[in-house]
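Each remark here refers to the structure printed beneath this line.
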């Protein structure tokens, strides 16, 4: 008599590499996405600072261009502060819940052994 595993056969995971295991799967993927978002935000702020500086230098005394450059600088600073505060809040919540400040930012998903 055939068992259930004999009827459906052996199923192998189509995933290969780092994301194919429980230890490196979704947790590793989520960590990389979070890192990517923070890096992209930092690069965006840096580019905005550079463009605002260039706009400020080339304003030529025009008050509207100077004001626009300062607004761009202010918005970039606000964005960096929001990113830093969100990182701090997530770390505090993670420390209060799990006792480790990096638990949410670098999740470790474990499965059955």
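Numbering (our numbering), first residue to last: 120 to 232. Using N, Cα and C, we set each Cβ at its ideal position, and we do this for glycine too.
Task: Sub-8 Å separation of residue 188 and residue 171 beta-carbons - done: Mapped onto the chain shown, residue 188 falls at position 69. Mapped onto the chain shown, residue 171 falls at position 52. Taking 8 Å as the Cβ cut-off, residue 188 and residue 171 qualify as a contacting pair.
Task: Terminal residues of the alpha helix (DSSP H) in which residue 212 lies - done: Against the chain shown, residue 212 aligns to sequence position 93. 182-217 is the span of the alpha helix (DSSP H), which, as asked, contains residue 212.
- [ ] Compute the Euclidean distance between the alpha carbons of residue 149 and residue 164, then round it to the nearest angstrom.
- [x] Numbered from its first residue, the chain shown carries residue 149 at position 30. Numbered from its first residue, the chain shown carries residue 164 at position 45. A direct Cα-Cα distance of roughly 23 Å separates residue 149 from residue 164.
Task: Neighbourhood of residue 213 by C-beta distance below 8 Å, restricted to the same chain and skipping five residues each side - done: The count along the chain shown starts at 1 and reaches residue 213 at position 94. Hits under 8 Å: 219, 220, 221, 222, 223 and 224.
TODO: Could you tell me if residue 205 is buried or exposed, where buried requires 16 or more neighbouring beta carbons within 10 angstroms of its beta carbon?
DONE: In the chain shown, the residue the question calls residue 205 occupies position 86. The C-beta of residue 205 has fewer than 16 other C-beta atoms within 10 Å across all chains shown, which makes the residue exposed.
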